[in-house]
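Student: The structure follows.
Number of protein chains: 2
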Amino acid sequence: MVQRFADHLPVPRTIGIVGGLGPYAGYDLVRKIFRWTKAGRDQDHLPLMLHSFPGWIPERPAYLLGQTKENPGEDIGGIMAQLARDGATVIGMPCNTAHSPRILNVALERQHQTGLDVTFVSIIESAVKHVRELCPNGGRIGLMGTVATLQTRLYQDALEKAGLEPVLPDDDECALVQRAISDPEFGVKAFSDPVSSKARQILLDTARRLVEKKHVSVILLGCTEIPVAVTESSLWDTPVVDATSVLARELIRASCPERLKDPSTL
Amino acid sequence: MVQRFADHLPVPRTIGIVGGLGPYAGYDLVRKIFRWTKAGRDQDHLPLMLHSFPGWIPERPAYLLGQTKENPGEDIGGIMAQLARDGATVIGMPCNTAHSPRILNVALERQHQTGLDVTFVSIIESAVKHVRELCPNGGRIGLMGTVATLQTRLYQDALEKAGLEPVLPDDDECALVQRAISDPEFGVKAFSDPVSSKARQILLDTARRLVEKKHVSVILLGCTEIPVAVTESSLWDTPVVDATSVLARELIRASCPERLKDPSTL
Chain B
1 MVQRFADHLP VPRTIGIVGG LGPYAGYDLV RKIFRWTKAG RDQDHLPLML
51 HSFPGWIPER PAYLLGQTKE NPGEDIGGIM AQLARDGATV IGMPCNTAHS
101 PRILNVALER QHQTGLDVTF VSIIESAVKH VRELCPNGGR IGLMGTVATL
151 QTRLYQDALE KAGLEPVLPD DDECALVQRA ISDPEFGVKA FSDPVSSKAR
201 QILLDTARRL VEKKHVSVIL LGCTEIPVAV TESSLWDTPV VDATSVLARE
251 LIRASCPERL KDPSTL
Chain E
1 MVQRFADHLP VPRTIGIVGG LGPYAGYDLV RKIFRWTKAG RDQDHLPLML
51 HSFPGWIPER PAYLLGQTKE NPGEDIGGIM AQLARDGATV IGMPCNTAHS
101 PRILNVALER QHQTGLDVTF VSIIESAVKH VRELCPNGGR IGLMGTVATL
151 QTRLYQDALE KAGLEPVLPD DDECALVQRA ISDPEFGVKA FSDPVSSKAR
201 QILLDTARRL VEKKHVSVIL LGCTEIPVAV TESSLWDTPV VDATSVLARE
251 LIRASCPERL KDPSTL
């Protein structure tokens with residue numbers, strides 16, 4: 001099958017999304033890709049596949065924190081390979097924690113074994129590049145994410161390399177953010193649609209303290225569950241960077257840059 | 001790869017979704033599957049693939065109304081075959097118009113040629129079965145859909161066979177509903193997130209007249225773009241049946257009935 005319509009535009013590359021980490025983050029990325037695409041009719045939208053197999057993929061934080069031995073990268077790589085065989089040439093994964101090199105390198109290696117040429121668009125690199133554009137002269141970047149993402153220093157290292165200063169919530173607040181994400185009683189993973197008011201309040205309180213007590217210039221939502229609960233683009237006069245939304249734009253740019261909406265039109 | 005987690009539950013069958021008809025309807029179905037699934041953590045969600053290739057698939061209404069010769073069923077069947085080869089054993093398609101036998105039979109025939117055993121869950125049969133449960137003694141069912149869906153009598157025939165009386169908006173209102181769906185200036189296909197107030201108002205006005213002037217017992221949203229704009233489950237004390245939501249529940253039932261949420265918990 002071929003892309004036979006929208007002949008006035010270049011043929012877009014097919015986007016493959018590794019979903020299921022968690023499921024709502026995959027759906028949130030699809031939504032944001034659609035939202036950022038210039039389209040007046042069905043056929044103008046980009047070719048896209050979402051493969052959401054949450055039951056295949058072991059817990060990422062448990063592996064990174066040494067609580068389990070099974071590397072989730074094996075199954076993530078299997079899904080990437082499946083997407084590539086189905087024709088995806090641009091792949092994204094809406095899960096920051098799974099971008100830890102200990103997981104991602106295993107996954108990419110498995111995908112490379114297919115011999116198919118695929119561009120992997122990193123959510124970490126995309127988000128840090130975007131933050132750098134917001135703060136061309138450097139700045140204090142308030143970072144919210146899972147305990148595992150913070151402990152592996154995924155974002156801290158990338159921000160520092162870009163000349164930015166990562167600023168974390170206090171330890172007890174980080175533990176609360178983790179619960180807002182994964183607590184079975186009120187966390188976003190268990191209650192996504194709608195999100196519980198308790199989870200949202202914890203996330204907003206943490207953002208507020210980053211602004212008021214730690215004087216950050218940007219709040220970076222470095223876990224794809226957080227923007228499911230916090231949809232504001234600005235809080236207390238401070239820009240909020242949603243890494244999922246930035247990934248959506250970078251995937252469109254890699255697929256067919258002509259179809260990326262101007263941010264000012266949203 | 002295998003489903004290795006959630007060992008306390010039966011292994012679910014993988015759900016394949018033919019998306020892109022339009023793209024937002026595919027995303028809306030994914031959202032409703034997640035919403036209707038009993039899940040406290042990522043691994044409890046069902047395995048699911050969304051293949052959204054809008055550029056591959058010719059316009060369905062144009063074919064059914066004789067304006068083009070190319071049967072979209074060929075490419076739809078190609079996507080079904082791809083989903084089946086990737087392991088989907090339950091397939092759904094969130095587009096009522098594409099369920100017209102002239103399109104669907106060609107698509108299913110192409111999928112059957114794979115030799116893979118797949119259950120196709122019809123949105124039309126699912127919705128009519130649900131309406132029948134709401135109206136066990138028969139009733140007048142107000143039907144909103146595309147002009148092509150109405151002209152091919154997809155829902156009318158199925159409703160009558162179930163002992164229900166289909167009631168359509170007046171012709172000029174049907175033409176307005178079509179514009180609310182596909183007008184490039186304000187229709188849901190062009191403006192989905194958010195929907196334009198003009199499209200939503202046309203759809204609500206049509207529903208109101210079905211209730212007030214034609215005294216229907218149920219409003220059936222027989223086009224998957226409509227529930228993107230009209231999210232109410234009841235209007236003017238009349239139940240609104242969203243065929244996408246009913247399809248989501250039937251797909252979960254076909255995949256793993258133990259994980260279907262009780263409607264009263266939503």
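Just so you know, the sequences run in chain order B and E. Residue numbers are given in our numbering: position 242 of the first sequence equals residue 242, and the series is strictly consecutive. Residue numbers are given in our numbering: position 149 of the second sequence equals residue 149, and the series is strictly consecutive. The beta carbon of each residue, even a glycine, is placed where N, CA and C say it ideally should be. Note that this is a predicted model, so its numbers are computed, not measured.
1. So, at 6 Å on beta carbons, what are the nonlocal neighbours of Lys38 (chain B) in its own chain, with the 5 sequence-adjacent residues on each side left out?
2. Let me know the secondary structure DSSP gives Met144 (chain E) once reduced to three states.
3. From Val121 (chain E) to Gly19 (chain E), what distance separates their C-alpha atoms?
4. With a CB to CB cut of under 7 Å and the five nearest residues on each side skipped, what residues in its chain are close to Ile252 (chain E)?
5. Note down, in chain order, every chain E residue with its Cβ under 8 Å from the Cβ of Ala190 (chain B).
6. With a threshold of 6 Å on Cβ separation, who are the neighbours of Gly16 (chain B) within its own chain once the five nearest residues in sequence on each side are excluded?
7. Under 8 Å, with one C-beta from each stretch per pair, do the stretch 122–138 of chain E and the stretch 215–234 of chain E reach the 3-pair mark?
8. By how many angstroms is the C-alpha of Ile124 (chain E) removed from the C-alpha of Val131 (chain E)?
9. Among the residues of its own chain, which have a CB less than 6 Å from the CB of Ala148 (chain E), if the five just before and after it don't count?
10. Between Ala25 (chain B) and Glu250 (chain B), is the Cβ-Cβ spacing less than 8 Å?
11. With 9 Å as the C-beta to C-beta threshold (strictly closer), list the residues of the stretch 44–65 of chain B near chain A in chain order.
12. Give the interface partners of Gly22 (chain B) over in chain E, defined as CB-CB distance under 7 Å, in chain order.
13. Applying the criterion that 16 or more other CB atoms from any shown protein chain within 10 Å of the CB defines a buried residue, is Pro175 (chain B) buried or exposed?
14. Quick check on this structure: which residue in B:Thr68, B:Leu21, B:Ala243 has the alpha carbon closest to the alpha carbon of Arg41 (chain E)?
15. Indicate whether at least one CB of chain E lies closer than 8 Å to the CB of Asp117 (chain B).
16. Between Val106 (chain B) and chain E, is any beta-carbon pair separated by less than 8 Å?
17. Grouping DSSP H, G and I as helix and E and B as strand, with all else coil, what is Glu185 (chain B)?
18. Taking 8 Å as the threshold (beta carbon to beta carbon), is Phe34 (chain E) in contact with chain B?
19. Report yes or no: is there a C-beta of chain E within less than 8 Å of the C-beta of Val121 (chain B)?
20. Would you kindly work out how many angstroms separate the C-alpha atoms of Met144 (chain B) and Pro194 (chain B), rounded to a whole number?
21. Can you give the Cα-Cα distance for Leu221 (chain E) and Ser196 (chain E), rounded to whole angstroms?
22. How many angstroms separate the CA atom of Ala107 (chain B) from the CA atom of Ala180 (chain B)?
23. In terms of residues, what are the limits of the alpha helix (DSSP H) holding Met49 (chain E)?
24. How should Arg13 (chain B) be labelled, buried or exposed, when 16 other C-beta atoms within 10 angstroms of its C-beta is the threshold for buried?
25. What's the gap between the Cα of Tyr155 (chain B) and the Cα of Gly142 (chain B)?
26. Could you tell me if Leu203 (chain E) is buried or exposed, where buried requires 16 or more neighbouring beta carbons within 10 angstroms of its beta carbon?
27. In whole angstroms, what is the alpha-carbon distance linking Ala199 (chain B) and Glu165 (chain E)?
28. Using the beta-carbon count (16 or more within 10 Å), is Asp157 (chain E) buried or exposed?
29. Apart from the five residues on each side of it in sequence, which residues of its chain come closer than 8 Å, Cβ to Cβ, to Asp117 (chain E)?
30. Can you name the residues of chain E whose CB is closer than 9 Å to the CB of Pro184 (chain B)?
31. DSSP beta-bridge partners for Gly19 (chain B)?
32. Residues of chain E with CB under 8 Å from Asp193 (chain B), in chain order?
33. From Ala243 (chain E) to Pro54 (chain B), what does the alpha carbon distance come to, in whole angstroms?
34. Out of E:Val246, E:Ser255, E:Pro10, state which residue places its alpha-carbon closest to the alpha-carbon of Leu134 (chain E).
35. Please decide whether Asp86 (chain B) counts as near chain E, where near means a Cβ-Cβ distance under 8 Å.
36. Among residues of its own chain, excluding the 5 on either side of Thr152 (chain E), which ones have a beta-carbon nearer than 7 Å to its beta-carbon?
Tutor: Short version:
1. So the list reads Arg259, Lys261, once near-sequence residues are dropped.
2. If DSSP states are grouped into helix, strand and coil, Met144 (chain E) belongs with the strands.
3. Going by the C-alpha atoms only, they are around 14 Å apart.
4. Contacts found: Ile33, Trp36, Thr37, Leu46, Arg259, Leu260.
5. Those within 8 Å of Ala190 (chain B) in chain E are Ala39, Gly40, Arg41.
6. So the list reads Met49, Leu83, Ala88, Ile91, once near-sequence residues are dropped.
7. Contact between the stretch 122–138 of chain E and the stretch 215–234 of chain E is present, because at least three Cβ pairs lie under 8 Å.
8. Going from the Cα of Val131 (chain E) to the Cα of Ile124 (chain E) covers about 11 Å.
9. Sequence-distant Cβ neighbours of Ala148 (chain E) in its own chain, meaning closer than 6 Å and more than five residues away, are Pro61, Leu64, Leu65, Thr97.
10. Contact flag unset, no.
11. No chain A appears in this structure, whose protein chains are B and E.
12. By Cβ distance, chain E contributes Asp42.
13. Inspection of the sequence shows that residue 175 (chain B) is occupied by Ala rather than by Pro. Exposed, because fewer than 16 other Cβ atoms sit within 10 Å of the Cβ of Ala175 (chain B).
14. If we check each option's Cα against that of Arg41 (chain E), B:Leu21 comes out closest.
15. Not a single C-beta of chain E is nearer than 8 Å to the C-beta of Asp117 (chain B).
16. Interface criterion not met: the Cβ of Val106 (chain B) is under 8 Å from no Cβ in chain E.
17. It is coil, neither helix nor strand.
18. With respect to chain B, the C-beta atom of Phe34 (chain E) has a partner C-beta closer than 8 Å.
19. It does not: the Cβ of Val121 (chain B) has no partner Cβ on chain E nearer than 8 Å.
20. When rounded, the distance between both Cα atoms is 21 Å.
21. Rounded to whole angstroms, Leu221 (chain E) to Ser196 (chain E) spans 18 Å at the Cα level.
22. Cα to Cα, the separation comes out at about 28 Å.
23. Per DSSP, Met49 (chain E) belongs to no alpha helix (DSSP H); it is in the beta strand (DSSP E), 48–52.
24. Classification of Arg13 (chain B): buried, given that the 10 Å Cβ count is 16 or more.
25. Here the alpha carbon of Tyr155 (chain B) sits roughly 11 Å from the alpha carbon of Gly142 (chain B).
26. The residue is buried, with at least 16 neighbouring Cβ atoms inside 10 Å.
27. As the crow flies, the alpha-carbon of Ala199 (chain B) is around 46 Å from that of Glu165 (chain E).
28. Label assigned to Asp157 (chain E): exposed.
29. Exclusion of the five residues before and after Asp117 (chain E) leaves Thr89 as the residues of its chain whose Cβ lies within less than 8 Å of its Cβ.
30. Gly40, Arg41, listed in chain order.
31. Per DSSP, the beta-bridge partners of Gly19 (chain B) are B:Ser52.
32. Chain E residues near Asp193 (chain B): Arg31, Phe34, Arg35.
33. Annotation: Ala243 (chain E) to Pro54 (chain B) spans about 26 Å, alpha carbon to alpha carbon.
34. Nearest option by C-alpha distance: E:Val246.
35. Asp86 (chain B) counts as touching chain E.
36. Around Thr152 (chain E): Leu64, Ser100.
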